[in-house]
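Residue numbers (the working numbering): 1 to 638.
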Ligand SMILES: Cc1cc2nc3c(=O)[nH]c(=O)nc-3n(C[C@H](O)[C@H](O)[C@H](O)COP(=O)(O)O)c2cc1C
Ligand code: SF4
Ligand code: FES
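If you want it as structure tokens, here you go:
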């Protein structure tokens, strides 16, 4: 039972969300958790009653999302990334060291309730590995041996020959004044909405979230769909392991995103937009909130903008730790206050999206292209890139690259050229493999270095562009260990709605862990293929359909890896990006007292909380099973 005073305090915190009903559930849970540290039974019951949501449903939601706690947790929650890029830089060692220092095991809370230490999947900070999240702050470049790290706003490491999408990135958050008062939006307002859609179509803009769907076609669908109100949703969930480009765009240039959403809203006739921000990016939330406030006070959000009669405003929703919520329909469910279960499609979001209304959902990077296209015109935009892949692309280069970071390049440069920009393989070592497209992606080798980075060339090479992940592994790396981590990731993130994925990801994980431990059973490679093809064919959404893509590509490239005995795969290094890259850049580090002592002293950072088609084109059938001509593409969005 809550005491009267506690009840009143809770009511005050969740009051702003009560009028939203069920859609206010996630923000209300965040507000309550911020107040009490965790979500006890009486608190949950009070929220259920206030929002008029069945109690069992509220429990279901809390259990679904990893960032909600139904048991007491430490005042500080230290989530150490042990995903691929961090594992390469000693992420496991960081976790072990911290657990030892605080006398806890991973997932446990210290006896005095001061700290909970846990491992976490990719935090979207891979280029600064190894990393952790300490309550709301990013801790990057952790170096246990030297007791050093960087804490606070993560750096934006941006490179490449083009600075179109990243023009305002790399030097802190760009203010409205620095960005300029939305000249592209003002230009769009002087056009007819149909003309804006036509311009986006003419530019050939293709979605950058992974499904590679033509943006203009999507917008035209929503614009002509019956039903009001309509919505624009920005997918800022960025949870694909190895992806961090949207983080850089959001934190450094929030006004380009707002401007892109405004133009989308005007084009399709929507008055409301949502930014669904990844829960593990809490430090971006205040940046977005203050950019929205700046835009409102400049009359760039609100009613009858620029005297046009067009009204538009944007609300931020914070995700709560579920990779599946990047899938567009799962994301809608999450905004609606439910567990993030993907919907069966069709109907597609353009006709039946958020709250069952016509919706355009776009990735952050996609929306960044919109002001550029309107400002320059489609013809000028198409001068960059290739005929079928116009524009520039952001690649997230991480792992054993000499200089990990976000690289903006024109579509059409080769993988070799991209790796050269990133100083090749660190320490001049031979290249073993590149994981392309993220956990849901596929492996490339030095044989692929001359493949052009375009939608069409990558498709022909059987490599997914996905969200632009290029994770580099040198010749020392144990791919079996990396594959086991991928297996654990998908088994953990499968939402469980359909059996092929629910069971398949578990079986895949078990087999990959056996192989990584050097104890494969007879028939394990065949078992992996069987499970993988079944998931690819029969899963409901893109998660299951791509959960085996990397494993199947590895079986095809390195069959010996899956047999008994440890025979590290050696790539000849032929054609490697650079023979002798310059020495690795020394990160700017603040040297601090020992990590364990420092952590013991940290104060509690309190969270301030406010308030999907989609499958990836990545999932092509591996050629091992069928000839490439027969490869079936996974169902696309619209
Ligand atoms: C499991 C899964 C996770 C996804 N995660 C993201 C994500 O984090 N960000 C994103 O933009 N798209 C993600 N997508 C793709 C979205 O469903 C959708 O296609 C995209 O947001 C559409 O935007 P675009 O047309 O601008 O690419 C994901 C898809 C799946 C199946
Ligand atoms: S494929 Fe996996 S993530 Fe997608 S609905 Fe099925 S169980 Fe859920
Ligand atoms: S932040 Fe650790 S792997 Fe991405």
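In this text, a Cβ means the ideal position worked out from N, Cα and C, and glycines have one as well.
Distance between residue 333 and residue 464, taken at the CA atoms: about 27 Å.
Here residue 42 carries a helix assignment [DSSP, helix/strand/coil]. Within its own chain, the residues whose Cβ lies closer than 6 Å to the Cβ of residue 89, once the five positions on either side in sequence are excluded, are 129, 130, listed in chain order.
Counting along the chain, residue 142 sits inside the beta strand (DSSP E) bounded by residues 137–143. In the DSSP assignment, residue 183 falls outside any beta strand (DSSP E) and within the unbroken alpha helix (DSSP H) covering 183–189. Classified as buried, residue 223 has 16 or more neighbouring CB atoms from the shown chains inside 10 Å of its CB. Taking the Cα positions, residue 336 is about 8 Å away from residue 24. Between residue 34 and the set 55, 53, 12, the nearest pair of CA atoms involves 12. If you look at residue 332, you'll find it isn't in any beta strand (DSSP E); it sits in the alpha helix (DSSP H) that goes 328–335. With respect to the C-alpha of residue 155, the residue from 309, 252, 97 having the closest C-alpha is 252.
DSSP places residue 410 within a strand segment (E or B) once states are collapsed to three. Taking a 10 Å sphere around the C-beta of residue 355, we find fewer than 16 other C-beta atoms and assign the residue as exposed.
Of the candidates 85, 256, 116, 217, the residue whose Cα lies closest to the Cα of residue 164 is 256. In terms of side-chain proximity, the C-beta atom of residue 369 is found no nearer than 7 Å to any non-hydrogen atom of ligand 1. Burial is judged here by how many other beta carbons sit within 10 angstroms of a residue's own beta carbon; residue 171 has fewer than 16 and is exposed.
Between the alpha carbons of residue 359 and residue 266 lies a gap of roughly 13 Å. Classified as buried, residue 116 has 16 or more neighbouring CB atoms from the shown chains inside 10 Å of its CB. Between residue 64 and the set 210, 285, 340, the nearest pair of CA atoms involves 340.
Note that the C-beta distance between residue 211 and residue 197 is not below 8 Å. Relative to the non-hydrogen atoms of ligand 1, the Cβ of residue 239 comes within a distance shorter than 7 Å of at least one. With a beta-carbon spacing of about 6 Å, residue 159 and residue 421 fall inside the 8 Å limit used to define contacts. Here the distance from the Cβ of residue 14 to the nearest heavy atom of ligand 2 is not below 7 Å. At a Cβ-Cβ threshold of 8 Å, residue 113 and residue 54 do not count as neighbours. Residue 453 is positioned such that its CB atom lies closer than 8 Å to that of residue 393.
For the set 313, 532, 409, the Cα lying nearest the Cα of residue 275 is the one of 313.
Residues 91, 92, 95, 119 of the same chain have their beta carbon placed closer than 7 Å to that of residue 82, with the five preceding and five following residues left out of the count.
Beta-bridge partners of residue 214 (DSSP): 206. In the DSSP assignment, the residues bridged to residue 435 are 443, 471.
Taking C-beta separations shorter than 8 Å and ignoring five residues to either side along the sequence, the partners of residue 43 in its chain run 2, 10, 32, 36, following chain order. Straight through space, the alpha carbons of residue 514 and residue 30 are spaced by roughly 39 Å. Considering only 424, 206, 546, 50, the residue with the shortest C-alpha distance to residue 382 is 206. In this structure, the C-beta of residue 275 stays at least 7 Å away from each heavy atom of ligand 1.
Under the three-state reduction of DSSP, residue 108 is assigned to coil, being neither helix nor strand.
Rounded to the nearest whole angstrom, the CA to CA distance from residue 370 to residue 180 is 15 Å. Residue state for residue 231 is assigned as strand, using DSSP reduced to three classes.
Burial state of residue 303 is exposed, judged by a 10 Å Cβ sphere holding fewer than 16 other Cβ atoms.
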